[in-house]
């Protein structure tokens, strides 16, 4: 039995869902894996760097009171005076990790797609401090996968990211369950917002109606353009290519076309013909061994493995050297599914240590 | 880098495919996992217990010459004189494992559905001798999962069986990628033969035509009744319930109905209506926590997650506490896919030792 100090960098919806799930799964983690935990650090833009090596009160975290400095005695003092010692009042990520005596850092800030910063710098600091890092932030994979993988390896720490793509255990599947398998190609539907918008258009509503419905469902990024223009799908495609095909593809090498150009009538006609439009990601290794990837609207026939993904469901089809086709479909994943991706990475990062 | 002594108990189509795949993946296993291997034992009903701690010649194994005693000098002598020492001429599984200095035993004999014997006894002997066991034989799971799991745990050995169900990494997925997740229910299509027969009937051919076509494709068990009457699907369902739902369900507790009772006209009409018949396995935990399971023909709507499995493809849909639905589909798996299930288990059994 071992108690792990957990730090949350970013504390939005996913962070709240993770805290609730950790609570719910506590007994199981203790009994099955010998894992206990306490939250010793939370950092947000608004609240700053809050740390208490003795642990912050979970209830206060969930009610948002920590921002006002009431989550524990130690964090209270770190709120009330900014110029204390590093131990009690950290002013940057390294001081924060040290003050929290962090064992596992959850990097769950929102994505900065162009540079991946400051998340990359934060993950680097955490690995250098000797913490495992679990992230839901695709930016770190897209912009610094090789560097962070090497750093984690050199420090004997884990850098895990099953929560980044499609709300299914895709990366761990390849790492743990498909050793020595070769991935030739994949195709997938990775973006819920565009799925919802296209379905609304098929029902005769407008593109703008679709955006509003996706926002009401809570699946849309803050800026819908990020989903609609294919950025979200491209970033996920880029992460998959880098990790699963071990190809150093950058985001600007992915041909990218969103769904804005689609005509509403075409969208309805395609559905009526049983071949609806979806925003499809695809990557393939060409004859020279280079990986070519693109994101764009495609019509999907009813017998296509990707046809299973309606509504907010996500799907990925792999072409492997040892199995002609393997398809994984996540039906209606929610915030809890994303939180579980982080929880399972946490368990996998530390299960050998207990 | 470490060299592992491999023993094959049973050496039919799957064994041959595994030897070829091991050859193909040798460089990769060495470079990525530090694993080297040699085959030091082969046992079949016809050839007896053949062992050579120095290694048997792979080419001879594939050409079937080992049966005539020409696969290596040591096995030659073990063939030519039956009454030598245990080292050179084993007469039972324990002597064989010792003579072969077995590190990993592949148990790939064909299933004896009613008792699982003698496979269960062989697996027990291998684990007791200190070898890891990797099996494609569902009988060991259905009849002795708990005992063999405990024995493996007590000896610090692995007992792995990803090759037993649906030609996909289902057991390793739950073990490695879905820690602390709860499986409420599953549904699946696990039998290729009945899929092929039903599709032939949909095309206006007879049940007997369908059986012949499945046999021509090489997917049918020696006795087609085993597929047609739902035994194969029931055995796989039983294995999944025992391992993934941790429920000690026996084969006779599974309600089982095959496809013989289906009327050819009904089968055609169902397909025409877009809701074709499939042999579906399902299991669910009821309100009292007991698992109820059944195998039978069901009509599958086009938007059902199981609809993706046409022809010889296999599919399984999981209902989890952390994701409303997760579906895995293996499209057109072949002998090589089964062999890969064994290879990946071998890598996973030993990757921590190198």
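Protein chains in written order, with the numbering used here: chain S, 61 to 414; chain X, 61 to 414.
The beta carbon of each residue, even a glycine, is placed where N, CA and C say it ideally should be.
Residue i - DSSP class collapsed to helix/strand/coil
i: residue 338(X); result: strand
i: residue 385(S); result: strand
i: residue 151(X); result: coil
i: residue 407(X); result: helix
i: residue 100(S); result: strand
i: residue 105(S); result: coil
i: residue 165(S); result: strand
i: residue 369(X); result: coil
i: residue 345(X); result: strand
i: residue 391(X); result: strand
i: residue 159(X); result: helix
i: residue 397(X); result: helix
i: residue 412(X); result: coil
i: residue 111(X); result: strand
i: residue 93(X); result: helix
i: residue 172(X); result: coil
Within chain B, the residues that residue i reaches when beta carbons sit closer than 9 Å
i: residue 370(X); result: Judged by its chain identifiers, the structure shown contains no chain B, and its protein chains are S and X.
Residue range of the unbroken alpha helix (DSSP H) whose run includes residue i
i: residue 254(X); result: 252–262
i: residue 43(X); result: Here chain X covers residues 61 to 414 and nothing more, so residue 43(X) does not appear.
i: residue 415(S); result: As shown, chain S starts at 61 and ends at 414. That puts residue 415(S) outside it, with no answer to give.
i: residue 275(S); result: 267–277
i: residue 287(S); result: 285–288
i: residue 294(S); result: 291–304
Residue i: first and last residue of the uninterrupted beta strand (DSSP E) it sits in
i: residue 62(S); result: 62–69
i: residue 354(S); result: 351–359
i: residue 374(S); result: 374–380
Cβ-based neighbour list, residue i, same chain, cut-off 8 Å, excluding 5 preceding and 5 following
i: residue 362(S); result: 334, 335
i: residue 289(X); result: 316, 318, 320
i: residue 404(S); result: 222, 229, 232
i: residue 414(X); result: 61, 62, 93, 94, 95
i: residue 407(S); result: 89, 93, 95
Own chain residues within Cβ distance below 6 Å of residue i, not counting five before or after
i: residue 284(S); result: 271
i: residue 228(X); result: 388, 390
i: residue 411(S); result: 93
i: residue 324(X); result: 261
i: residue 68(X); result: 75, 102, 166
i: residue 97(X); result: 64, 66
i: residue 328(X); result: 262
i: residue 234(S); result: 304
Spatial neighbours of residue i in its chain, beta-carbon cut-off 7 Å, leaving aside the 5 residues before and after
i: residue 73(S); result: 395
i: residue 71(X); result: 102, 104
i: residue 141(X); result: Bear in mind that a pLDDT of 40 at residue 141(X), under 50, signals an unreliable position, so the model cannot answer this.
i: residue 249(X); result: 255, 338, 339, 340, 366, 369, 374, 375
i: residue 151(S); result: 109
i: residue 85(X); result: 403
i: residue 121(S); result: 79, 99, 102, 131
i: residue 331(S); result: 262
Using 8 Å as the Cβ pair cut-off and three pairs as the minimum, do the stretch 385–394 of chain S and the stretch 371–384 of chain X touch? Three or more Cβ pairs closer than 8 Å define a contact, and the stretch 385–394 of chain S meets that threshold against the stretch 371–384 of chain X.
Would you check if there are 3 or more beta carbon pairs closer than 8 Å linking the stretch 361–375 of chain X to the stretch 393–403 of chain S? Verdict: no, contact absent.
What ranges does the alpha helix (DSSP H) occupy inside the stretch 186–252 of chain X, keeping only unbroken runs of at least 4 residues that lie completely in it? 198–215, all fully within the stretch 186–252 of chain X.
Counting pairs of beta carbons, one from the stretch 186–203 of chain X and one from the stretch 300–312 of chain X, are three or more of them closer than 8 Å? A contact is defined here as three or more CB-CB pairs under 8 Å, and the stretch 186–203 of chain X meets this definition with respect to the stretch 300–312 of chain X.
Could you tell me which uninterrupted alpha helix (DSSP H) segments, each at least 4 residues in length, are contained entirely in the stretch 307–336 of chain X, listed from first to last along the chain? Correct list: 324–332.
Is the stretch 340–355 of chain S touching the stretch 262–278 of chain S in the sense that three or more CB pairs, one from each, lie closer than 8 Å? The stretch 262–278 of chain S is not in contact with the stretch 340–355 of chain S.
Three or more C-beta pairs under 8 Å: does that hold for the stretch 239–246 of chain X against the stretch 212–220 of chain X? The answer is no - the stretch 212–220 of chain X does not touch the stretch 239–246 of chain X, with fewer than three Cβ pairs under 8 Å.
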